[in-house]
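Numbering (our numbering), first residue to last: 4 to 177. Built from N, CA and C at the ideal position, the CB exists for glycine as well. Model, not experiment: these values are computed from the prediction.
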């Protein structure tokens, strides 16, 4: 079975602030954010439907030793059988059970190759502007949102990417 999934489009990649850091030395008073790229489960469902057909894939969830696993099966016409790939997920901060199921599904889809380019080590680190963060005692919080405006991949690796803020300003690029 030679299933090949297309690379993710810019509007299918989401950005999340992973870590906030306070600048030191000459950067004191500045706040920096480490950004992670991710996809959601609906993106995986659309790509599976598009690439193999809605009736040619399925998923199932099972618990093994307290861990929730999702298996994604794709029907192989040549072999006349379902081929399965699975992975475990982690609970989310919101709706733990639903998040756990969604995460295990997304990870199983990574095993099929959907969105694997998101593992490209990019080191997205950007300075936050005033108004994009707040201080609560010793803690820094941010609800700033960023979007992927452009992305180009080659051989499963992100070669070019532009991340913009909500005002349309380029905040990071490679």
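Ranked by Cα distance from residue 61, the options 49, 70 and 68 are led by 49. The beta carbons of residue 161 and residue 129 sit no closer together than 8 Å. Taking the C-beta atoms as reference points, residue 143 is found nearer than 8 Å to residue 23. Here DSSP, grouped into helix, strand and coil, assigns residue 114 to helix. The three-state secondary structure of residue 138, taken from DSSP, is strand.
Going by C-alpha positions, residue 106 is about 5 Å away from residue 92. Note on geometry: alpha-carbon atoms of residue 108 and residue 36 lie some 28 Å from one another. Taking the Cβ atoms as the reference, residue 148 lies roughly 6 Å from residue 169, within the contact range of under 8 Å.
Boundaries for residue 55: no beta strand (DSSP E) harbours it, while the alpha helix (DSSP H) harbouring it runs 44-55, taken from the DSSP string. Distance from residue 19 to residue 41 at the Cβ level is roughly 6 Å; contact confirmed, criterion being Cβ atoms closer than 8 Å. The C-alpha of residue 154 lies about 10 Å from the C-alpha of residue 120.
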